[in-house]
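Here's the structure, in structure tokens; my notes come after.
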Amino acid sequence: MLKHLIAGPGHRKVAEVDITTNEKQALIVATRPLKIFNNTSQFLFNETNGIDINKNAAFGGTPIKIHNGIDDVLWTGTGIVGASRWIFNSSAQAHTGTQSIDGTTTKNGDVTQLAKGSDQDLTGHTAITGWIYITSWSVSGTKEVLFFGWNTGTSLMVGNNVNLGDYINTLVFNTWQKFSIPLNDLGLFTKTVDSVRVQTVSLGAGQAPSYYLDDIQIEETGDPITYTVQPKMSTWLHISEILSTFVDGFNNVLLNATMPNLAYNKILALSALSNGIIYHKTIDGNVDFTFVIKQLSDFIQLAGTSIINSGSDGTNTWMTINYKPAIPIILRSNTDDKMLVTISDNLSDLLLYRVSINGYIETRK
Numbered sequence: 001m002l003k004h005l006i007a008g009p010g011h012r013k014v015a016e017v018d019i020t021t022n023e024k025q026a027l028i029v030a031t032r033p034l035k036i037f038n039n040t041s042q043f044l045f046n047e048t049n050g051i052d053i054n055k056n057a058a059f060g061g062t063p064i065k066i067h068n069g070i071d072d073v074l075w076t077g078t079g080i081v082g083a084s085r086w087i088f089n090s091s092a093q094a095h096t097g098t099q100s101i102d103g104t105t106t107k108n109g110d111v112t113q114l115a116k117g118s119d120q121d122l123t124g125h126t127a128i129t130g131w132i133y134i135t136s137w138s139v140s141g142t143k144e145v146l147f148f149g150w151n152t153g154t155s156l157m158v159g160n161n162v163n164l165g166d167y168i169n170t171l172v173f174n175t176w177q178k179f180s181i182p183l184n185d186l187g188l189f190t191k192t193v194d195s196v197r198v199q200t201v202s203l204g205a206g207q208a209p210s211y212y213l214d215d216i217q218i219e220e221t222g223d224p225i226t227y228t229v230q231p232k233m234s235t236w237l238h239i240s241e242i243l244s245t246f247v248d249g250f251n252n253v254l255l256n257a258t259m260p261n262l263a264y265n266k267i268l269a270l271s272a273l274s275n276g277i278i279y280h281k282t283i284d285g286n287v288d289f290t291f292v293i294k295q296l297s298d299f300i301q302l303a304g305t306s307i308i309n310s311g312s313d314g315t316n317t318w319m320t321i322n323y324k325p326a327i328p329i330i331l332r333s334n335t336d337d338k339m340l341v342t343i344s345d346n347l348s349d350l351l352l353y354r355v356s357i358n359g360y361i362e363t364r365k
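Right, here's the structure in full:
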């Protein structure tokens with residue numbers, strides 16, 4: 001009988017024969033797909049607008065008001081789970097008027113419902129917006145505030161839920177932040193609901209999110225615009241850098257200054273945005289991570305972010321902001337991964353705004 005040992009180079013580890021009760025003795029063999037790597041540089045793209053993101057996506061028309069802390073009589077608030085922990089006319093905080101919905105003491109699984117009392121056809125509408133005031137949001141465990149459509153007749157969700165935390169900065173406390181949720185994200189485009197629900201989620205360590213809600217409404221016009229990059233079939237896209245380039249019509253040069261005249265609370269000459277630019281990665285339609293940009297400081301406070309290019313010709317000013325993650329962001333075609341930028345504000349005053357990525361394509365055969 002011949003006996004062979006297979007040893008790896010360097011470490012000299014030896015492959016052995018596998019002996020099992022139901023299989024013949026055999027050598028364990030592992031196969032790996034052939035991988036080919038190629039550098040790539042791509043722009044995020046929209047089918048209508050191409051690579052230019054400086055478009056007007058602001059909301060207009062006549063919104064349908066849902067709830068504003070009962071400053072006005074609108075849809076009726078009811079505590080479905082944890083009823084005593086929901087206050088629908090709290091005067092502790094208010095975005096407008098004097099009252100808001102108080103969810104500061106809610107616990108995991110608590111649910112509130114805002115019901116119209118009749119059907120609301122969402123055809124011809126684009127998004128649901130509102131304002132949230134966070135007093136605490138733990139970074140431990142899983143913390144979410146879910147928002148979704150509901151049908152009281154069938155007692156079933158309409159569409160799907162989204163986490164408000166994916167549309168705001170959950171680390172900013174004690175100030176009102178606007179959220180803007182496209183109806184497509186909620187699975188509610190052209191659907192009919194008679195109510196919406198909000199649910200507090202707090203799993204694991206840390207306290208449940210503590211927050212107020214105000215001025216929730218359904219927007220009529222001004223569809224949010226999304227720009228995308230994603231891998232082709234049978235490839236993975238490894239993103240090493242995300243570059244955002246802006247050009248605006250103003251002179252940022254300070255006389256005898258040694259640094260550019262860039263305001264922290266603007267994007268070049270553009271005032272701070274109401275809804276914000278949402279950079280996010282999705283896996284099979286679910287948000288993996290997100291960050292919301294309303295002004296320059298939102299960019300530069302992110303670890304791994306720097307202004308790598310800035311200049312002016314005395315009339316127009318440009319800058320490029322580079323986000324370089326600690327390890328590449330991987331988009332996998334087999335799980336329909338995407339990197340997206342969504343706008344819901346009027347960015348048409350910018351002369352140019354484009355987002356590109358640097359990285360490499362992994363072809364798997």
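Take 1 as the starting number for the sequence shown in our numbering and just add one per residue.
Backbone N, C-alpha and C define an ideal beta-carbon position, used for all residues, glycine too.
- prompt: In the region 31 to 87, which residue ranges form an unbroken beta strand (DSSP E) of at least 3 residues, counting only runs that do not cross its ends?
  reply: Those beta strand (DSSP E) runs which fall completely within the region 31 to 87 and span 3+ residues are 35 to 43, 64 to 67, 76 to 81.
Distance CB(phenylalanine 179)-CB(tyrosine 167) smaller than 8 Å: Yes, the pair counts as a contact, with Cβ atoms nearer than the cut-off.
- prompt: For glycine 165, which of helix, strand or coil comes out of DSSP?
  reply: The three-state secondary structure of glycine 165, taken from DSSP, is helix.
Exercise. Where DSSP assigns a beta bridge to alanine 377, which residues make up the other side?
Worked result: For residue 377 there is no data in the structure shown, the boundaries of the chain being 1 and 365.
Could you name the residues of the same chain whose beta carbon sits closer than 7 Å to that of threonine 152, not counting the 5 residues immediately before and after it, in chain order? Residues of the same chain with a CB within less than 7 Å of the CB of threonine 152, apart from the 5 flanking positions on each side, are Ala115, Asp194, Ser195 in chain order.
Task: Supposed contact pair alanine 205 and serine 140 - C-beta distance, whole angstroms, cut 8 Å - done: Contact flag correct, Cβ pair sits at about 4 Å.
query = So, is asparagine 252 buried or exposed, given that buried needs 16 or more other C-beta atoms within 10 angstroms?
reply = Its Cβ being crowded by 16 or more others within 10 Å, asparagine 252 is buried.
- Shortest alpha-carbon distance to isoleucine 308 belongs to which of Phe246, Thr62, Pro209? Of the residues Phe246, Thr62, Pro209, the one whose Cα lies closest to the Cα of isoleucine 308 is Phe246.
key: Spatial distance of asparagine 160 from serine 240 (CA atoms)   = In this structure, the straight-line span from the alpha carbon of asparagine 160 to that of serine 240 is close to 32 Å.
If I follow the unbroken alpha helix (DSSP H) through phenylalanine 299, where does it start and stop? Here the alpha helix (DSSP H) through phenylalanine 299 covers 296 to 300.
Item checked: isoleucine 307, enclosing beta strand (DSSP E) - first and last residue -> From DSSP, the beta strand (DSSP E) with isoleucine 307 extends over 305 to 312.
inquiry  = On the DSSP letters alone, give me the boundaries of the beta strand (DSSP E) that glutamine 207 sits inside.
reply    = Counting along the chain, glutamine 207 falls outside any beta strand (DSSP E), and DSSP gives it neither H nor E.
Discussion item. Whether or not the region 212 to 220 and the region 315 to 335 are in contact is what I'm after, with contact meaning three or more pairs of Cβ atoms, one per stretch, closer than 8 Å; do they touch?
Written reply: Verdict: no, contact absent.
TODO: Given a cut-off of 8 Å, decide if glutamine 93 and arginine 197 are closer than it, judged by their beta-carbon atoms.
DONE: By the CB criterion at 8 Å, arginine 197 and glutamine 93 fall outside the cutoff.
What would DSSP say about serine 90, mapped onto helix, strand or coil? If DSSP states are grouped into helix, strand and coil, serine 90 belongs with the strands.
Handout entry: Residue burial classification, asparagine 265 (beta-carbon count within 10 angstroms, cutoff 16)
Key = Exposed, because fewer than 16 other Cβ atoms sit within 10 Å of the Cβ of asparagine 265.
- Message: Checking 8 Å against the spacing of the C-beta atoms, do methionine 339 and leucine 44 come in under that value?
- Response: Between methionine 339 and leucine 44, the CB-CB gap stays under 8 Å.
Aspartate 284: buried (16+ other C-beta within 10 angstroms of its C-beta) or exposed? Exposed, because fewer than 16 other Cβ atoms sit within 10 Å of the Cβ of aspartate 284.
Inspect the CB distances between the region 58 to 75 and the region 121 to 137 and report whether three or more fall short of 8 Å. With contact defined as three or more Cβ pairs closer than 8 Å, the region 58 to 75 and the region 121 to 137 are in contact.
One question on the structure: do leucine 243 and threonine 320 come within less than 8 Å of each other, judged by their Cβ atoms? Between leucine 243 and threonine 320, the CB-CB gap stays under 8 Å.
For this session: On the DSSP bridge assignment, give the partners of phenylalanine 147 in chain order.
Result: Answer is Val162, Val198.
- Message: Would the region 355 to 364 count as touching the region 218 to 237 if we require 3 or more Cβ pairs under 8 Å?
- Response: Between the region 355 to 364 and the region 218 to 237, the count of Cβ pairs shorter than 8 Å is three or higher; the stretches touch.
- Query: Whole beta strand (DSSP E) runs in the region 229 to 263 with 3 or more residues, listed along the chain?
  - Reply: Segments of the beta strand (DSSP E) lying fully in the region 229 to 263: 235 to 248.
Quiz prompt | Rounded C-alpha distance that separates threonine 123 from leucine 34 | solution = Whole-angstrom Cα-Cα distance: 48 Å.
- Message: Looking at chain C, is there any beta carbon in it that lies within less than 8 Å of the beta carbon of asparagine 184?
- Response: No chain C appears in the structure shown, which is made up of a single protein chain.
To the nearest angstrom, report how far apart leucine 302 and asparagine 261 are at their CA atoms.
Looking at the two C-alpha atoms, the distance is approximately 20 Å.
Assuming isoleucine 225 and lysine 55 are in contact, meaning their beta carbons sit under 8 Å apart, how far apart are those beta carbons, in whole angstroms?
The pair is a contact, with the Cβ atoms about 6 Å apart (cut-off 8 Å).
Cβ of valine 287 within 8 Å of Cβ of isoleucine 53? Cβ atoms of valine 287 and isoleucine 53: not closer than 8 Å.
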